[in-house]
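Encoded as structure tokens, the structure appears first; notes follow it.
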Amino acid sequence: MNQLHHPHWPPQVPLHLTLPETNLFYNAEVSAARFPDKPFILFYDTPITFAEFKDEAERVAGFLQHECHVKAGDRVLLYMQNSPQWIVAYYGILRANAVVVPVNPMNLGVELAHYVEDSGATTIIAPQCLFPNVEPLIGSGPGQGIEHAIVATYSDYLKRPSPLAVPEFVAAPRKTFTIPGVTPWQDVLDRRFTPGPLTSRADDLCVMPYTSGTTGKPKGCMHTHRSVMSTLLGGCVWFAAPSDGVYLSVLPLFHVTGMQGGMNAAIYSGATIVLMPRWDRETAAQCMQRYRVTAWQSISTMMVDFLSNPKLGDYDLSSLSGARGGGAAMPDAIAKKLKALTGLDYVEGYGMTETIAGTHINPPHRPKAQCLGIPVFDVDSRVIDPASLQELPQGETGEIVVNAPQVMQGYWRNPKATEEAFVELDGKRFLRTGDLGHIDEDGYFFMTDRLKRMINASGYKVWPAEVEALMYRHPAIHEVCVIGVKDEKRGETVKALVVADEAHAGTLTEQDVIDWSHEQMAPYKAPRIVEFVTSLPKSGSGKILWRKLQEEDAARAAAARSGNSNGNGNGNGNGNGNGNGNGNGGASQ
1 MNQLHHPHWP PQVPLHLTLP ETNLFYNAEV SAARFPDKPF ILFYDTPITF AEFKDEAERV
61 AGFLQHECHV KAGDRVLLYM QNSPQWIVAY YGILRANAVV VPVNPMNLGV ELAHYVEDSG
121 ATTIIAPQCL FPNVEPLIGS GPGQGIEHAI VATYSDYLKR PSPLAVPEFV AAPRKTFTIP
181 GVTPWQDVLD RRFTPGPLTS RADDLCVMPY TSGTTGKPKG CMHTHRSVMS TLLGGCVWFA
241 APSDGVYLSV LPLFHVTGMQ GGMNAAIYSG ATIVLMPRWD RETAAQCMQR YRVTAWQSIS
301 TMMVDFLSNP KLGDYDLSSL SGARGGGAAM PDAIAKKLKA LTGLDYVEGY GMTETIAGTH
361 INPPHRPKAQ CLGIPVFDVD SRVIDPASLQ ELPQGETGEI VVNAPQVMQG YWRNPKATEE
421 AFVELDGKRF LRTGDLGHID EDGYFFMTDR LKRMINASGY KVWPAEVEAL MYRHPAIHEV
481 CVIGVKDEKR GETVKALVVA DEAHAGTLTE QDVIDWSHEQ MAPYKAPRIV EFVTSLPKSG
541 SGKILWRKLQ EEDAARAAAA RSGNSNGNGN GNGNGNGNGN GNGNGGASQ
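Numbering (full-length UniProt numbering), first residue to last: 1 to 589.
Written as structure tokens, this is what we have:
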């Protein structure tokens, strides 16, 4: 096991964690006993105490068992935005000894049907605003399978007036449902069913988040109570989480980062969470000031937007003592802006759905910029040659692999994918992350890119994440995504899709960006094509969908070449100049 990082381990933090032999719901029982009247959730000024939260979770569990016939080990779909009901439902499912299947609320009919069919779930908990996507799945016919649906109304938890801007879908009044098998959330609570004994053990399945599906249909990652406990407890110890902490919880709870850092860790430590159902930079700043938020877990795209708020200087952010996150490297220019505003270092970490959040985190006292961090408690992480599977020396780039207590058991009902995801080294089972990276002289891990996200320009390897990080230094660039496009001479060339800052939109030109880029990086890395866009598509967890952009660009370019070739027999000459959109002909020369 690599130990280069041990000298940089956080002070007063042990190298090893002995994990509790309990199920996750036990954490809720303990916090409700320790802090019964303390607010656990603040939702637009409406508090839910730890005791109230536990009581409602038990009522949901009782209903699931008595009316939905949910048994130990059954999967239950949880399909909604961040809300008090999401958290209560999550723990209600666990109290019923069942398995939570969190679903991205942006998924629609066909996508949702896949989760129903693949997981075998017959019960779903969803909000009324998403019920039109659920209703076609109720029944026993082809493409169906849902027998019971609990439908929540977010405004049920708006019990106090608030000056904060409440989204329309949250403020919407309760609707009436008369469909067989469909029960309103409030009716579930009012029926006050008592659940049976809590029998789940540490090695029983707890939650089954699905992968994003970038390499085919989404796959369910089987996590036990023990693996979930590993990263939530590890995060609490790593960051010395106090019971009087106040966390801004705005990352999607269906995603493992939000689930662990924005919910489960707070339940374990007894902290308060300020819950936002949708990202809004103005509301986030208001919440930080109003509730004296002490810690905020975010992603780089969220932080970029937050720090771009021209009104940010009007807010008191002095209570904030920690800013951390992951998902994609934080651009150096943005991290410096955060430091100048708050005095805080942005502490980055790294993990996957398959590892239920972090396997690597930067030491809070010694973080490195744009760095995954160091392997945390009991994590053996290495860098291997992705072809030969041989471990590589420190400093060389290869695939990051992980052996750790938080690694999933495997993919649900998919032994072939499970076998492909793991490799055995020195008699230990390592998860292949599919991410390329290297280890520096201090034992810190740095990610170069996804395994196949590499541009080969005239024989030179260009890593898009590196180019993006450099381009974020441009004062007029709000967001950027770098992709590879076919090039007659170079094989591939570098293209940048740029969202200009509001103050510079319409004045910044493609050539301005190209010229500036050539001054900032090696010529083979600098974008030769620039296209301005109004926004970049993102996944439910906030990651920019670079593969989608690359595939769409390739399809447009192929269509343009085909059209030009058929029209005048000169497709290659015109395609390179005009095939990528208006205004880019000169930029691509």
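We put the beta carbon where it would ideally sit given N, CA and C, even for glycine.
Contact check for Ile138 against Gly181 passes: the beta carbons are separated by less than 8 Å.
A residue is called buried when at least 16 other Cβ atoms come within 10 angstroms of its Cβ; Gly398 meets this threshold and is buried. Sequence-distant Cβ neighbours of Asn27 in its own chain, meaning closer than 7 Å and more than five residues away, are Ile267 and Tyr268. Closest by C-alpha distance to Gly143, out of His114, Pro167 and Ser155, is His114. Closest option to Gln511, judged by alpha-carbon separation, among Ala503, Phe532, Tyr524 and Met521: Phe532.
Secondary structure of Cys236 (DSSP, three-state): helix. Shown here for Trp296: same chain residues with a beta carbon closer than 6 Å to its own, the five before and five after excluded, namely Leu248 and Ala323 in chain order. Three or more Cβ pairs closer than 8 Å define a contact, and the segment 399 to 415 falls short of that threshold against the segment 253 to 267. Residues of the same chain with a CB within less than 7 Å of the CB of Ala335, apart from the 5 flanking positions on each side, are Tyr346 and Ala369 in chain order.
Annotated three-state conformation of Ile334 is helix, per DSSP.
Gln394 places its beta carbon 8 Å or farther from that of Ile356. The beta carbon of Pro277 is closer than 6 Å to those of Gln81, Asn82, Ser83 and Val170 in its chain, skipping five residues each way along the sequence. Sixteen is the threshold: since fewer than 16 other Cβ atoms of the shown chains lie within 10 Å of the Cβ of Met1, the residue is exposed. Contiguous beta strand (DSSP E) elements confined to the segment 45 to 84 occur at 46 to 49 and 75 to 78, taking only those with 3 or more residues. Arg324 carries a strand assignment under DSSP once its states are collapsed to helix, strand and coil. Taking the Cα positions, Ser539 is about 32 Å away from Cys68. Under the three-state reduction of DSSP, Val103 is assigned to coil, being neither helix nor strand. Using a 10 angstroms sphere on the CB of Ala32, the tally of other CB atoms reaches 16 or more, which defines it as buried. Residue state for Arg366 is assigned as coil, using DSSP reduced to three classes. By the neighbour-count definition (other C-beta atoms within 10 Å, threshold 16), Ser562 is an exposed residue. For Leu4, the closest C-alpha among the options Asp442, Pro36 and Met288 is that of Asp442. 8 Å or more divides the Cβ of Asn309 from the Cβ of Ala340.
Assignment of Ile356 by DSSP, reduced to helix, strand and coil, places it in the coil class. Residue pairing by DSSP places Glu531 opposite Leu497 in a beta bridge. The three-state secondary structure of Ser541, taken from DSSP, is coil.
Of the residues Tyr291, Val30, Cys221 and Ala555, the one whose Cα lies closest to the Cα of Asp316 is Tyr291.
For Leu233, the closest alpha carbon among the candidates Asn23, Val76, Glu52 and Asp487 is that of Asn23.
Cβ neighbours of Tyr157 within its own chain (closer than 6 Å, five residues either side excluded): Phe43, Thr46 and Pro84. Distance from the CA atom of Phe40 to the CA atom of Thr49, rounded to whole angstroms, is 5 Å. DSSP places Leu436 inside the beta strand (DSSP E), whose first and last residues are Lys428 to Ile439. In the three-state DSSP reduction, Pro415 falls in the helix class (H, G or I).
Taking all protein chains in view, the Cβ of Gln12 is surrounded by fewer than 16 other Cβ atoms within 10 Å, so the residue is classified as exposed.
In this structure, Val482 and Val499 do not form a Cβ contact; the two beta carbons are roughly 13 Å apart against a cut-off of 8 Å. CA-CA distance, Val256 to Glu488, rounds to 42 Å. If you draw a straight line from the Cα of Gly542 to the Cα of Pro464, it is about 18 Å long.
At a Cβ-Cβ threshold of 8 Å, Thr283 and Val246 do not count as neighbours.
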